[in-house]
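Position one of the sequence shown corresponds to residue 10 (my numbering), numbered consecutively onward. Idealized CB from N, CA, C, for every residue including glycine. Owing to the predicted nature of the structure, the values given are computational and were not obtained by experimental measurement. A quick write-up on the structure given underneath.
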Amino acid sequence: MANTKSAKKALLKSRERQLRNRSTKSAIKTYTRRTKELAAKGDVEGSIASLRRAISMIDKAVKRGILHKNTGNRKKSRLMIALNKRLAHQQGETAQGS
């Protein structure tokens, strides 16, 4: 446990930041999952809206120092690749079904 007053204050601030960072990371994961789920269902409009929100949250997390720049770029890239694969797969199915 912290001994000095400044160390105790630093510990409190550290815990506040930890909670804030955890909630931001959790929100990023939620929107990433939601984007993939909507794409799998075939909801193009919903998945694009969710994708925009996820990318916005990732960019804000990078700006605030919650995520490293390369980590943010990697997450965005992988999300776009997954979304494009799912949407292309569905378009291929509908083209074959016609």
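By the C-beta criterion, the stretch 10 to 18 is judged not to be in contact with the stretch 40 to 60, since fewer than 3 inter-stretch pairs fall below 8 Å. Closest in alpha carbon position to histidine 98, among His77, Ala70, Gly51, is Gly51. For isoleucine 57, the uninterrupted alpha helix (DSSP H) segment begins and ends at 53 to 73. In the structure shown, the three-state DSSP call for threonine 13 is coil. A straight-line Cα-Cα distance of about 41 Å links lysine 45 and lysine 18.
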